[in-house]
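The block underneath contains the structure these notes are about, expressed in structure tokens.
Numbering (mature numbering (1 follows the signal peptide of the UniProt record, and there is no 0)), first residue to last: -42 to -1, 1 to 383.
Listed below in structure tokens is the structure:
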């Protein structure tokens, strides 16, 4: 039986590679038809400009606001003993489809160059009405690539409620990635304790950035929120005990508006320094620095044509502050790229995903540093529109050398070295 199972996995692996290769060829053929009128998207943004003046760095300083311990204790007492990631993975809500099971429309979200080496699609029945966002993995959480015995990918999703009194909902799928041929996931609703832990509300922000580091999950907050980042403890999942359309305490128990079986309450938040201060639009982890650091790009209005700021925060080295940030920014830069929708930093380079045109159009991927910038290229006319569309969040799994991302209903991975090859590095 074990040998037959191995052969089935090998056959499926060959089929997956064939499917992805066929998809890449089709996308490359489509890329050759992109018109010359898009040449403005290929303008060279040049080198990153370091920003050192206090007027540029001071607004990026963070203030930390822990949720009082007695509020978290009160919530746990009301909802029951918290559980950890392993308990979630043992209680899945569904499975992802392999690339050969995905529709052509879904696969169009995959990058042309570099091509994905792993690709999966989310079931429509479980994601209709939700918008995909950030990705992080257990490769961020721990340098051995695992959380305990588990290999995990986290996928963030957001939904507008359509109710003026509520900003929306945000949830994260914890995906068991132990078997690449069988990815199963469990949803957890992101929440914020209120009323001293007697209740909670939904996060109400688009999940455009997310980093899992040690036992903390850091998530970007939207412009309607007075915080820049929220912090979650992955050992504090609470089980939902009641069905309903509301979030929080309801007659008969605790509800997540039907979005998840578990709720993850925030344990802290960060605010930038004053009204109008830049806010992170997306974040990722950089393990190539000492200490490890969180990198961010500036959230910008869609119609803003000005330069975009990039910066990082070091993670604290104090044992009692595991997974929390030092609050002063380090390494602040300015890029001439606009429409940035994904950021990754490793070594001397910043990898920036840029949205070009409408959300349905293909994006571009640049590697930029203080010496200059290079884009990925594809097609006979070497267009720069090779990245997924729209441009998506990125997370580098250092232990495997893979970049994970998602666009639309597609969750995918590809080697970082293939990105560098497509840049001519």
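Ideal Cβ placement from N, Cα and C applies to all residues, glycine included.
| Check | Outcome |
| --- | --- |
| Around the C-beta of residue 29, are 16 or more other C-beta atoms found within 10 angstroms, so that it is buried, or is it exposed? | buried |
| Cβ atoms of residue 214 and residue 208: under 8 Å apart, would you say? | no |
| How close, in whole Å, do the beta carbons of residue 239 and residue 255 come, if the pair is a contact with beta carbons under 8 Å? | 5 Å |
| Mind checking whether residue 253 and residue 270 have CB atoms under 8 Å apart? | yes |
| When you compare the CB positions of residue 345 and residue 367, do they come within less than 8 Å of one another, or not? | no |
| Tell me whether residue 187 sits in a helix, a strand or coil according to DSSP, three-state version. | strand |
| Can you give me the Cβ contacts of residue 9 inside the same chain, cut-off strictly under 6 Å, excluding the 5 residues immediately before and after it? | 290 and 292 |
| What residue range does the beta strand (DSSP E) around residue 174 cover? | 174 to 178 |
| Straight-line CA distance for residue 191 to residue 206? | 18 Å |
| Based on the DSSP output, what are the partners of residue 108 in its beta bridges? | 105 |
| Taking only the alpha-carbon atoms, compute the straight-line gap between residue 1 and residue 379 and give it to the nearest angstrom. | 20 Å |
| Going by the beta-carbon positions, is the gap between residue 77 and residue 370 smaller than 8 Å? | yes |
| Three or more C-beta pairs closer than 8 Å, one from the stretch 353 to 364 and one from the stretch 241 to 253: is that the case here? | yes |
| Please check the pair residue 96 and residue 169, which I expect to be a contact at CB under 8 Å, by giving their CB distance rounded to whole angstroms. | Between residue 169 and residue 96 the Cβ distance is about 12 Å, and since that is not below 8 Å, they are no contact. |
| Mind listing, in chain order, the continuous beta strand (DSSP E) runs of no fewer than 3 residues lying wholly within the stretch 120 to 164? | 127 to 134, 142 to 152 and 157 to 160 |
| The beta strand (DSSP E) that contains residue 229, what's its start and end? | 220 to 230 |
| Using only CA atoms, which one of 89, 212 and 334 lies nearest to residue 114? | 89 |
| Taking the Cβ atom as the reference point for each residue, do residue 266 and residue 19 lie within a distance shorter than 8 Å? | no |
| Give a yes or no on whether the C-beta atoms belonging to residue 132 and residue 46 are separated by under 8 Å. | yes |
| How many Å lie between residue 251 and residue 211 at the Cα? | 39 Å |
| Mind checking who residue 196 pairs with in its DSSP beta bridge? | 221 |
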